[in-house]
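Only one structure is covered here, and it is reproduced in the block below.
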Amino acid sequence: MVIVAVLAALVVGAGSSLLAEVIMARRVGVKPQCPYCQEPYSPVRWSAVLALLTGRRACERCGQPLRWQRLAGEVFLMVLWGVLAARYGLIWRVALTMLAGVPLAMVLVTDLETRLIPNRIMLPAIVAMAVLGSLMGPAVPGIGTWTWWQSLAGGAVGLGVFGVLVMLGTLVWGEGALGQGDVKLATYIGLVVGFPLIIEALVLTFVGGFVGAVLLLLSRKGSLRSFFPYGPFLVLGAAATMLCGIEIVLWYWG
Ligand SMILES: [Zn+2]
Numbered sequence: 060m061v062i063v064a065v066l067a068a069l070v071v072g073a074g075s076s077l078l079a080e081v082i083m084a085r086r087v088g089v090k091p092q093c094p095y096c097q098e099p100y101s102p103v104r105w106s107a108v109l110a111l112l113t114g115r116r117a118c119e120r121c122g123q124p125l126r127w128q129r130l131a132g133e134v135f136l137m138v139l140w141g142v143l144a145a146r147y148g149l150i151w152r153v154a155l156t157m158l159a160g161v162p163l164a165m166v167l168v169t170d171l172e173t174r175l176i177p178n179r180i181m182l183p184a185i186v187a188m189a190v191l192g193s194l195m196g197p198a199v200p201g202i203g204t205w206t207w208w209q210s211l212a213g214g215a216v217g218l219g220v221f222g223v224l225v226m227l228g229t230l231v232w233g234e235g236a237l238g239q240g241d242v243k244l245a246t247y248i249g250l251v252v253g254f255p256l257i258i259e260a261l262v263l264t265f266v267g268g269f270v271g272a273v274l275l276l277l278s279r280k281g282s283l284r285s286f287f288p289y290g291p292f293l294v295l296g297a298a299a300t301m302l303c304g305i306e307i308v309l310w311y312w313g
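Following the numbering used here, the numbering of the sequence shown begins with 60 at its first residue and continues without gaps.
Right under this line is the structure:
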């Protein structure tokens, strides 16, 4: 079953990573193609993981390697779906959680590639998750009881916290330190994990982001003023909360 989940994630992950690139490039209905020379991909290269495994990383025409960001999106979804299936089996809340992971994989690709979190991914995802979260509860398989407002309250907390952060960041560092895309992503993650787990997801995000920023400073590749992408840390904090949010809380309060 885990193998089935991972293989399904390979297909869905490849599809959503490619869709994310299409949305970013504002192309419509085009076959998967090389971003450098527009050569159409052969089917084995539609998936970055498959291309890597079969040793076909480089484009047949221009020789440019695959973008690693697409690989990150696919691997993210494969790990998420695989661990979900292994831990919880294929119950219906796992299906909801798997579905909720797809927009996260997509913005992981777009944020790593262009530092953008497109509205055309985030806004439909927020609307869909607000409806699903109210009807079915947060997309966290470990939760026991839930009420209809938990998901919406989580979204409100994500929106509030990151809304204030972006305002402060703009005041201190000027435009662009944190983006509006991060606010929408935090809102979506709040809808996914619900209240009160959104607090945990945000704490994990800030801890991860802080460690990342320190590593960046130590490597002397950037200063504190240079752009720091919070999107990937939001995605990882959300995934950790979806997979084992309850256990982390119990361990901390243990
Ligand atoms: Zn090419």
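Don't be surprised by glycine CBs; every beta carbon is placed ideally from N, CA and C.
Everything numeric in this text was worked out from a predicted model, so none of it was measured.
From the options, pick the residue whose C-alpha is nearest to that of residue i; which is it?
{"i": "Cys121", "options": "Ile150, Lys90, Glu98, Met83", "result": "Glu98"}
{"i": "Ala67", "options": "Phe135, Ile82, Thr113, Ala84", "result": "Phe135"}
{"i": "Val216", "options": "Ile62, Pro255, Met301, Gly132", "result": "Pro255"}
{"i": "Ile176", "options": "Gly74, Ala245, Ile257", "result": "Ala245"}
{"i": "Gly132", "options": "Gly222, Leu78, Ala84, Val252", "result": "Leu78"}
{"i": "Gln209", "options": "Arg174, Ala159, Ser101, Val251", "result": "Val251"}
{"i": "Met60", "options": "Ala84, Asn178, Pro183, Gly148", "result": "Gly148"}
{"i": "Pro291", "options": "Ser75, Trp105, Phe265, Leu158", "result": "Phe265"}
{"i": "Val223", "options": "Val242, Ala159, Ala84", "result": "Val242"}
{"i": "Gly249", "options": "Ala189, Gly271, Gly214, Pro197", "result": "Gly214"}
{"i": "Ile185", "options": "Tyr247, Gly192, Pro197", "result": "Tyr247"}
{"i": "Ser193", "options": "Val270, Ser101, Gly253", "result": "Gly253"}
What's the C-alpha gap between residue i and residue j?
{"i": "Thr169", "j": "Val262", "result": "23 Å"}
{"i": "Ala164", "j": "Val103", "result": "20 Å"}
{"i": "Pro91", "j": "Arg126", "result": "13 Å"}
{"i": "Ala107", "j": "Leu167", "result": "14 Å"}
{"i": "Ile150", "j": "Pro200", "result": "8 Å"}
{"i": "Ile82", "j": "Ile180", "result": "8 Å"}
{"i": "Leu276", "j": "Glu80", "result": "30 Å"}
{"i": "Pro162", "j": "Trp312", "result": "31 Å"}
{"i": "Trp310", "j": "Arg152", "result": "23 Å"}
{"i": "Ala212", "j": "Cys303", "result": "20 Å"}
{"i": "Pro94", "j": "Ala73", "result": "15 Å"}
{"i": "Ile305", "j": "Gly203", "result": "10 Å"}
{"i": "Ser219", "j": "Leu227", "result": "Sequence check: residue 219 is Gly here, not Ser. Cα to Cα, Gly219 sits roughly 12 Å from Leu227."}
{"i": "Leu130", "j": "Ala110", "result": "10 Å"}
{"i": "Leu155", "j": "Trp205", "result": "15 Å"}
{"i": "Met195", "j": "Met301", "result": "15 Å"}
{"i": "Phe221", "j": "Gly268", "result": "14 Å"}
{"i": "Ala272", "j": "Leu182", "result": "28 Å"}
{"i": "Ala159", "j": "Met188", "result": "8 Å"}
{"i": "Ile62", "j": "Met137", "result": "10 Å"}
{"i": "Met157", "j": "Pro197", "result": "12 Å"}
{"i": "Gln128", "j": "Val231", "result": "30 Å"}
{"i": "Val225", "j": "Arg174", "result": "15 Å"}
{"i": "Ser278", "j": "Thr229", "result": "25 Å"}
{"i": "Ile307", "j": "Cys118", "result": "43 Å"}
{"i": "Tyr289", "j": "Glu172", "result": "13 Å"}
{"i": "Leu191", "j": "Leu69", "result": "24 Å"}
{"i": "Gly114", "j": "Gln123", "result": "13 Å"}
{"i": "Val65", "j": "Leu139", "result": "9 Å"}
{"i": "Val71", "j": "Trp207", "result": "29 Å"}
{"i": "Cys96", "j": "Trp105", "result": "15 Å"}
{"i": "Asn178", "j": "Ser101", "result": "30 Å"}
Tell me the DSSP secondary structure of residue i in three-state form.
{"i": "Trp205", "result": "coil"}
{"i": "Leu226", "result": "It is worth fixing the name first, because residue 226 is Met in this sequence and not Leu. Note: Met226 maps to helix in three-state DSSP."}
{"i": "Gly196", "result": "coil"}
{"i": "Met301", "result": "helix"}
{"i": "Ser210", "result": "helix"}
{"i": "Met188", "result": "helix"}
{"i": "Tyr311", "result": "helix"}
{"i": "Ser278", "result": "coil"}
{"i": "Pro288", "result": "coil"}
Does the Cβ of residue i lie closer than 8 Å to at least one heavy atom of ligand 3?
{"i": "Glu98", "result": "This structure lacks ligand 3; the ligands present are ligand 1."}
Quick one: complete beta strand (DSSP E) runs, 3+ long, within the stretch 79-141?
-> none
State whether the stretch 291-303 contacts the stretch 251-269, with contact taken as three or more CB pairs (one from each stretch) at a distance under 8 Å.
-> yes
For the stretch 230-261, list the alpha helix (DSSP H) runs that are entirely contained and at least 4 residues long, ordered along the chain.
-> 239-252
Length-filtered (4 minimum) alpha helix (DSSP H) runs lying within the stretch 148-180 = 151-173
Three or more C-beta pairs below 8 Å linking the stretch 140-153 and the stretch 238-249 | no
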